[in-house]
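Participant: Would you mind keeping the following structure in view while I ask a few things?
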Amino acid sequence: MSNEEAGKPEQNPLADTHELISQEVPRGIDRRSFLMRSAIGGAAAVMTGCTATPEQRTATAAATAKPEAPAQSAPPLAADLNVVKKGQGPVLTTVDEFYKVGPGPSSSHTIGPMRITYDFYQRATKLPAAQLDKATKLQVNLFGSLSATGKGHGTERAALAGLIGNEPATVDPKFLDGLRDKPDQVFPVKLGNKSINVSLKDVIYDATKGDFKHPNTMTVKLLAGDQVLLEQEYYSVGGGFIEWKGYTPPKKNPPKYPFRLMKELRAHADTNKTTIAKIMLANEMSITGKSEAEVYAWVDKVINAMVATVKSGLAMPEDDVLPGPIKLHSKAATVYKRAMDDKFQSDRGIGVLSAFALAASEENGRGHLVITAPTGGSAGVMPALVYGLLEVRKVPMQKVREGMLAAAAVGYLCKHHATLSAAEGGCQAEIGVASSMAAALTATVFDADARVVENAAESALEHHLGMTCDPVAGYVQVPCIERCAFGAVKAWTAYAIASNEIASRHRVDFDATVAALAETAKDMNSKYKETSEAGLALSVTLC
Ligand code: SF4
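For reference, each letter of the sequence shown is one residue, going 5 to 547 in the numbering used here.
This is the structure we're talking about:
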């Protein structure tokens, strides 16, 4: 029934721009931002069939429009951050730093902040007893993207969990769910002889714009009244990696086969008549001093955790509703069921791969444990391929282990020369890198030579360049969950193309595409870097 049939005047916000332009802009609100939000809200309402009145749209636009001050573009990253300097030396990242287990939905907004507050708590415990005796309060301030989209990510819950001694790999997701359901809980934090009560009120959503060293900046303080006993500024630099003011990276042993670029890594493999995975294994052992068995023991843990997230996601009931205001219904179980129906056998490959990615990504949306590969938002991509190769294709575990090492090389190089942080580079840095890693994994599992592994990774990354990050309502659900399915399918497509072309004819090398990723990240408007200020975050009307 149309509005007219229902006795209401038909409202078409696209028909008469006079109505839009003549709207009174509330005081203190940027006019352009207000009109844009009002117009887009109206257009989205028409397209989606939502029946928001002009007054409701005005209220929504006013509530979500920017304040009058002109929007600042994101400041450049501080030159002294290790995450900026890192591209100069050889790659020294290791698998236990890279693949991290922790609660979703975002490695930079949940795992990073939890690691940060846990780190601060450890530092605070080392203060002299006389100082600790004076302590009255612990306080966390979130800035930049952590403040802009932290609420949707549950950053305050993650930060509080770290402050009271939880680590991402071992925290019980039910504890975080409990904080969401009962936000007034108070917890004692033991510091020397003192016990300080902390709650979510001690985590403050502070300025979203400013001259920060990194868009994901936060401070943690131990106070005695107004007196600061200990304060540290931290940065959650993507993929769950953290730094702080004055950070120097830990000293590491030199790698057996040093490389800065994929070109150099591939040359090591070719010269030694071996694979990228074997070169990565040798480097891992020389950098960490671990044995082959110890390296693979960690890789096995990561593989098993990935399989577990897909299994638990598939086991959730059809149409489970994910937490948050979007009220997004889960799809993994339904997509899997249809793919396995013999009536749709020809769709099966893409159907099950998509279902596996949806399953792991929905687990991330629920805030359950996921694996950063390279991030939480992209945590459905690699598990989809790992699960499909192991559980459906039944490839040997050793092949998948080697695939994980080749995939890690791809992630390391993207981290080394570009970014894994959506707040720095948009979604190309998350889903794009994840898809590229998954393509390298797949090519390695099927014994492709080094050039084909590189080409597959290049192709998957290339076709995500420019992809923005605009999570609706700040929740890592729309577009993130489906985007993981697309990232997984694109990884397979990249492998299919790379393994069927003459490898030497591939015209774009991986290093060039990583350079493009870095440049695109720098040029991308800050509205599209995990701030929920534009794109889908603006055009989707929740009703
Ligand atoms: S849009 Fe992409 S980068 Fe942004 S939160 Fe979602 S998955 Fe992460």
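Where is the CB? At the ideal position from N, CA and C, for every residue including glycine.
What three-state label does DSSP hand Gly229 in the structure shown?
Facilitator: If DSSP states are grouped into helix, strand and coil, Gly229 belongs with coil.
Participant: How do the stretch 355-375 and the stretch 332-343 stand: do at least 3 beta-carbon pairs fall below 8 Å, yes or no?
Facilitator: Touching, yes.
Participant: With respect to 7 Å, is the separation between the Cβ of Pro329 and the closest non-hydrogen atom of the ligand SF4 below this value?
Facilitator: Outside the cutoff, so no.
Participant: Spatial neighbours of Thr338 within its chain, please: CB distance less than 6 Å, with the 5 preceding and 5 following residues excluded, ordered by chain position.
Facilitator: Closer than 6 Å at the Cβ level, and outside the excluded window around Thr338, lie Glu322.
Participant: Which same chain residues end up closer than 7 Å to Lys267 when comparing Cβ atoms and leaving out the 5 residues on each side of it in sequence?
Facilitator: If we look at Lys267 and ignore the five residues flanking it on each side, its Cβ neighbours are Asp513 and Asp515.
Participant: Of all the options Thr252, Thr292 and Gly491, which has the alpha carbon lying nearest to the alpha carbon of Pro378?
Facilitator: For Pro378, the nearest C-alpha among the options comes from Gly491.
Participant: Considering Cα atoms alone, identify which of Thr517, Glu367 and Lys277 is closest to Val325.
Facilitator: That would be Glu367, whose Cα lies nearest to the Cα of Val325.
Participant: Taking only the alpha-carbon atoms, compute the straight-line gap between Met471 and Glu534 and give it to the nearest angstrom.
Facilitator: Cα-Cα distance, rounded: 12 Å.
Participant: Examine the Cβ distances between the stretch 453-465 and the stretch 286-294 and report whether three or more of them are shorter than 8 Å.
Facilitator: The answer is no - the stretch 286-294 does not touch the stretch 453-465, with fewer than three Cβ pairs under 8 Å.
Participant: Which first and last residues belong to the alpha helix (DSSP H) in which Lys305 is found?
Facilitator: Glu296 to Ala319 is the span of the alpha helix (DSSP H), which, as asked, contains Lys305.
Participant: List in chain order the residues whose CB is within less than 5 Å of at least one heavy atom of the ligand SF4.
Facilitator: Counting every residue whose Cβ lies closer than 5 Å to a heavy atom of the ligand SF4, we get Gly381, Ala426, Cys431, Glu434, Cys473, Pro475, Val480 and Cys484.
Participant: Helix, strand or coil for Gln236, going by three-state DSSP, please let me know.
Facilitator: Gln236 falls in the strand class under three-state DSSP.
Participant: I'd like the list of long-range same chain contacts for Pro94, defined as Cβ closer than 7 Å, with 5 residues on each side in sequence excluded.
Facilitator: Cβ neighbours of Pro94 beyond the five flanking positions: Pro259, Pro262, Phe263 and Arg264.
Participant: Could you round the C-beta distance between Leu393 and Val449 to whole angstroms and report it? I think they count as a contact, below 8 Å.
Facilitator: Right, the Cβ-Cβ distance comes to about 5 Å (below 8 Å), so this counts as a contact.
Participant: Find the nearest neighbour of Val480 within the set Ile208, Thr121 and Gly158, judged by alpha-carbon distance.
Facilitator: It is Gly158 whose Cα lies nearest to the Cα of Val480.
Participant: Report the option in Pro117, Ala359, Gln135 and Pro483 whose CA atom is closest to the CA atom of Ile330.
Facilitator: Here the closest residue by C-alpha is Pro483.
Participant: CA-CA distance, Val311 and Tyr391?
Facilitator: Answer to the nearest angstrom: the Cα atoms are 6 Å apart.
Participant: Quick check on Gln432: buried or exposed, where buried means 16 or more other Cβ atoms within 10 Å of its Cβ?
Facilitator: So Gln432 ends up on the buried side.
Participant: Over the uninterrupted beta strand (DSSP E) stretch that includes Ile246, give me the two end residues.
Facilitator: Element bounds for Ile246: Phe245 to Trp248.
Participant: Figure out for me which residue from Asp527, Arg511 and Phe191 has the closest Cα to the Cα of Gly166.
Facilitator: With distances taken between Cα atoms, Gly166 lies closest to Phe191.
Participant: Ordered along the chain, which non-local residues of its own chain (more than five positions away) have a Cβ less than 7 Å from that of Ala152?
Facilitator: The residues are Thr212, Thr535 and Ser536.
Participant: Following the continuous alpha helix (DSSP H) through Phe179, name the residue where it begins and the one where it ends.
Facilitator: Its alpha helix (DSSP H) spans residues Pro177 to Asp185.
Participant: Between Leu362, Asp351, Ile280 and Asp304, which has its C-alpha nearest Ala319's C-alpha?
Facilitator: Ranking the options by Cα distance to Ala319, first place goes to Leu362.
Participant: Ordered along the chain, which non-local residues of its own chain (more than five positions away) have a Cβ less than 6 Å from that of Val314?
Facilitator: Counting only Cβ-Cβ distances below 6 Å, and skipping sequence neighbours, we find Phe360, Ala363, Ala364, Pro387 and Tyr391.
Participant: Which one of Val193, Leu180 and Glu160 has the shortest CA to CA distance from Asn145?
Facilitator: Asn145 has its Cα closest to that of Glu160, out of Val193, Leu180 and Glu160.
Participant: Please list, in chain order, all residues of the same chain as Asp351 whose beta carbon is under 7 Å from its beta carbon, the five residues on each side excluded.
Facilitator: Excluding residues within five positions, the ones whose Cβ falls inside 7 Å are Ala343.
Participant: Here's the rule: buried if 16 or more other CB atoms are within 10 angstroms of the residue's CB, otherwise exposed. What is Arg119?
Facilitator: Result: buried.
Participant: Taking the Cβ atom as the reference point for each residue, do Tyr532 and Asp474 lie within a distance shorter than 8 Å?
Facilitator: Yes, the pair counts as a contact, with Cβ atoms nearer than the cut-off.
Participant: Considering Cα atoms alone, identify which of His468, His372, Ala273 and His510 is closest to Ala173.
Facilitator: The shortest C-alpha separation from Ala173 is found at His372.
Participant: Use the C-beta contact count for Asp206: other C-beta atoms within 10 angstroms, 16 or more gives buried, fewer gives exposed.
Facilitator: Flag for Asp206 reads buried.
Participant: Return yes when the Cβ of Leu332 is within less than 8 Å of the Cβ of Gly436, no when it is not.
Facilitator: No. Outside cutoff.
Participant: Excluding the 5 residues preceding and the 5 following Tyr416 in the sequence, name in chain order all residues of the same chain whose CB lies nearer than 8 Å to its CB.
Facilitator: Excluding residues within five positions, the ones whose Cβ falls inside 8 Å are Val95, Thr97 and Phe102.
Participant: Looking only at its own chain, which residues have a Cβ that is under 7 Å from the Cβ of Gly154, when we skip the five neighbours before and after it?
Facilitator: Closer than 7 Å at the Cβ level, and outside the excluded window around Gly154, lie His113, Leu146, Glu160 and Tyr209.
Participant: Considering just the uninterrupted stretch of the alpha helix (DSSP H) at Lys141, what are its terminal residues?
Facilitator: That residue, Lys141, is in no alpha helix (DSSP H); its beta strand (DSSP E) goes Lys141 to Leu146.
Participant: His421 by DSSP, collapsed to three states: which one?
Facilitator: His421: helix per DSSP, three-state reduction.
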